[in-house]
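One structure below.
Residue numbers (our numbering): 9 to 132.
See the structure below:
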């Protein structure tokens, strides 16, 4: 979570502490332009940007079975290897996604839980 370092004024109200979950970075003006809302201690350019960080990886369809896209609530409690093991035991992508969310919940995740598993070949 990202917080503005000083109170801001928005819609006629003073907000002492405004926080932003990273998933909201695309549309939250108070965190993108806090200097325009009475928070002069922030350098122009804001606290967050909506430009994603990208990484490229080669996928080998002969050996790679699936791709896991999941939010931080999953990764807060599961290592990559554990998530792969949970998904690999399932009969399909939809079941793998559900199992991953259930497993993270059972592991005590205190954050939101969202997972998408994309599979290009069936379970073995």
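For every residue, glycine included, the Cβ atom is placed at its ideal position computed from N, Cα and C. These numbers were taken from a predicted model, which means no experiment stands behind them.
Excluding five sequence positions before and after residue 15, the CB atoms of its chain that fall closer than 6 Å to its own CB belong to 22 and 24, given in chain order. DSSP places residue 21 within a strand segment (E or B) once states are collapsed to three.
Sorting 83, 102 and 118 by C-alpha distance to the C-alpha of residue 127 places 102 at the top.
Between residue 107 and residue 119, the alpha-carbon positions lie close to 17 Å from each other. The beta carbon of residue 80 is closer than 7 Å to those of 119 in its chain, skipping five residues each way along the sequence. Burial state of residue 71 is exposed, judged by a 10 Å Cβ sphere holding fewer than 16 other Cβ atoms. Sorting 129, 99 and 83 by C-alpha distance to the C-alpha of residue 111 places 83 at the top.
The Cβ neighbour count for residue 76, taken over all protein chains shown within 10 Å, is at least 16; the residue is labelled buried.
Going by DSSP, residue 94 is part of no beta strand (DSSP E) but of the alpha helix (DSSP H) stretching over 88-96.
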